[in-house]
Every structure is written in structure tokens, then in C-alpha cells.
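First the structure, in the form of C-alpha cells, and then the observations on it.
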Amino acid sequence: MKKSRWRVMSVLVMAAMVMVIGAGCGGGNVGDDLAMDLGEKLAEDLTGGEISTDNEWPEEMPENVPEMKKGIVVNSTAILIGGKKNISISMEDVSEQDFTSYVSDVEAAGFNLIISNQSGGIDSKTFGQGENALSLQYASKSEELIISYTGD
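Here it is, written out as C-alpha cells:
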């Protein structure tokens with residue numbers, strides 16, 4: 052039981068580190084930094100999931116989540132915790148118009164807006180679809196977007 056908790060905590064800490072690294076860098080390619088600093092293999096071994104710096108939409112993302120085709124995918128992580136997929140995508144060069152268009156695509160795909168908040172130049176939206184959740188955090192000043200999915 053304790054070993055399982057330790058593994059879950061390790062996964063959560065690693066996922067948080069990846070998101071903080073991705074959100075905190077305004078210049079350069081975060082994906083290249085991750086590959087150099089951690090290495091994809093080490094990061095995958097630590098999390099038990101997939102971490103990609105290939106600048107592509109992750110294959111693990113369910114088909115019901117619309118692909119964000121604007122901007123640049125910097126990195127993505129995909130892990131399985133408690134039988135649920137946890138997928139995070141960090142993107143750069145996403146204009147405000149691209150973000151607004153993507154929100155419309157998400158709603159058209161059947162996700163319902165649950166929470167919307169805007170503060171300090173960050174626009175956060177959380178959507179639900181059954182037991183699945185999709186969160187978007189958009190920083191207009193740096194044109195960075197983080198897409199997080201939790202579900203089946």
C-alpha cells in the first residue's frame with residue numbers, strides 16, 4: 052500500500068514539474084530543454100507514462116477532444132492514474148483568436164463549460180463531459196496554452 056502511494060506521489064510530482072517548466076519558460080523551446088535536462092526515457096521511467104517533446108498532438112488524447120491545430124506543441128505528458136488518463140499539453144504561439152476558436156471547438160465537441168475565470172492575464176476554463184474533464188489555461192501576454200485532460 053505504501054509503495055503504491057509513493058508511486059502515485061512520484062507521478063504527480065513529476066507531472067507538476069513538467070507543467071511548471073512548460074508554463075514558466077517564455078523563450079526558447081521547452082521541449083528541447085526537457086529532452087536535454089531530463090531526457091524522455093528518464094522522465095517516462097519516473098512517471099510510468101509517456102512524455103513527448105516531438106511537437107505533436109499526443110496519440111493518447113481521446114478522439115472526442117478536438118485537436119488544437121494552431122500554435123506549437125512544446126511538450127506533452129500522458130500517464131494513467133487510478134484507471135484514468137491524465138494528459139497535459141503545453142503549447143506556444145497561440146493567439147487570443149486561436150484560443151477563442153479552440154474554446155468553440157471544445158464546446159461543439161460536447162464539452163460543457165463548468166468553470167471560467169480570468170485573472171492576471173490568465174484565462175482558465177474547465178469543461179466536463181460525463182466523467183471526463185478538460186481544462187484550458189491561456190496566458191495572453193506570452194501566448195502560451197496548457198491543455199489538461201482527465202478521464203477515460
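Positions in the sequence shown are counted from 1; adding 51 to them yields my numbering. Heads up, the beta-carbon is just placed ideally off N, CA and C, and yes, glycines get one too. Keep in mind the model is a prediction, meaning the values are calculated, not measured.
According to DSSP, residues forming a beta bridge with residue i
i	result
residue 188	175, 197
residue 143	123
residue 202	136
Range of the contiguous alpha helix (DSSP H) that encloses residue i
i	result
residue 4	There is simply no residue 4 to check, as the chain begins at 52 and stops at 203 in what is shown.
For residue i, the three-state DSSP class (helix, strand or coil)
i	result
residue 116	coil
residue 215	Any property of residue 215 remains undetermined from this structure, which presents the chain solely from 52 to 203.
residue 165	strand
residue 106	coil
Option nearest residue i by Cα separation, candidates the options
i	options	result
residue 159	168, 178, 121, 174	178
residue 174	161, 140, 197	197
residue 125	118, 107, 113, 116	107
residue 161	114, 109, 110	114
residue 144	155, 120, 129	120
residue 137	172, 109, 171	109
residue 142	202, 194, 203, 201	194
residue 172	201, 191, 112	191
residue 146	134, 167, 133, 122	122
residue 156	111, 116, 200	116
residue 203	129, 111, 135, 167	135
Quiz item: Three or more beta-carbon pairs under 8 Å between the segment 148-163 and the segment 182-190, yes or no?
Solution: yes
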